[in-house]
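One structure below.
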Amino acid sequence: MGRKNIWSGILFGIGLMALVDEIIFHQLLQWHHFYDRATTFIGILSDGLLNAFALFALVIGLFMFADLQRKRAVYKLKWAGGIFTGLGGFQLFDGIINHKLLQIHQVRYDVNLLPYDLAWNISGAVLLITGIVLLLRSKHKKAGH
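Residue numbers for the sequence shown follow numbering that gives the first Met the number 0, so the first one is 0 and each next one is one higher.
Dropping the structure here:
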């Protein structure tokens, strides 16, 4: 059941960070779309697909968590570690793979990207490291703690 706690948290964390990215940076600030190398229509379509993916990951993670609750098999530290791992993993994947390697979008346009890239990737690394630390600490904990 320990791995199910971790995967439930990871899926929840990925979905949550994808929604935060989508809502704040894509919709409210309108800094970019998920795919910016085509028309605005394609950019908005790609945002919708990202939203669908995020909600799917979030809901599956929560259903897995509900099943763990029903079985009284929740390891809170493992689940929290999974959430932070998912949050940071998504953030770093987006910052390194999507922004730099694939260049499907940037954090912002027409600005010096270095401060934005550093903030994006450092925050992702901090979240990921937090998740890993929590997972390492959870190795000897009992259910419910």
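By construction, the Cβ of each residue, glycine as well, lies at the ideal position given by its N, Cα and C atoms.
How about residue i and residue j: are their beta carbons less than 7 Å apart?
| i | j | result |
| --- | --- | --- |
| Gly-60 | Ser-7 | yes |
| Phe-89 | Ile-5 | no |
| Phe-83 | Gly-130 | yes |
Return the first residue and the last residue of the alpha helix (DSSP H) that residue i is part of.
| i | result |
| --- | --- |
| Gly-80 | 75-91 |
| Asn-97 | Careful: Asn-97 lies outside any alpha helix (DSSP H) and carries neither H nor E. |
| Phe-24 | Careful: Phe-24 lies outside any alpha helix (DSSP H) and carries neither H nor E. |
| Ala-37 | Neither: Ala-37 is in no alpha helix (DSSP H) and is coded neither H nor E. |
| Ser-122 | 112-136 |
Go through its chain and collect everything with a Cβ distance to residue i's Cβ below 8 Å, but skip five positions before and after it.
| i | result |
| --- | --- |
| Glu-21 | Phe-33, Asp-46, Leu-49, Asn-50, Ala-53 |
| Ile-95 | Asn-120 |
How many angstroms separate the CA atom of residue i from the CA atom of residue j?
| i | j | result |
| --- | --- | --- |
| His-98 | Val-19 | 17 Å |
| Gln-102 | Val-58 | 29 Å |
| Asn-120 | Ala-65 | 32 Å |
| Asp-109 | Met-0 | 48 Å |
| Leu-112 | Ala-17 | 21 Å |
| Ala-72 | His-139 | 15 Å |
| Trp-30 | Leu-100 | 19 Å |
| Thr-39 | Asp-116 | 23 Å |
| Ile-23 | Arg-69 | 34 Å |
| Arg-36 | Ala-56 | 25 Å |
| Ser-122 | Tyr-74 | 25 Å |
Please return the same chain residues whose Cβ sits closer than 6 Å to the Cβ of residue i, not counting the five positions on each side in sequence.
| i | result |
| --- | --- |
| Asp-85 | Per the sequence shown, residue 85 should be read as Gly rather than Asp. Correct list, in chain order: Ile-9, Gly-12, Ile-13. |
| Ala-79 | Leu-133 |
What whole-angstrom Cβ distance do residue i and residue j have, given they're in contact under 8 Å?
| i | j | result |
| --- | --- | --- |
| Arg-136 | Leu-67 | Not a contact, Cβ separation roughly 19 Å. |
Does any residue of chain C have a CB that is nearer than 7 Å to the CB of residue i?
| i | result |
| --- | --- |
| Asn-4 | Among the protein chains of the structure shown there is no chain C, as only one such chain exists. |
Output needed for residue i: all residues of its chain with C-beta closer than 7 Å, excluding positions within five of it in sequence on either side, in chain order.
| i | result |
| --- | --- |
| Ala-124 | Gly-87, Leu-91 |
| Asp-93 | Asp-20 |
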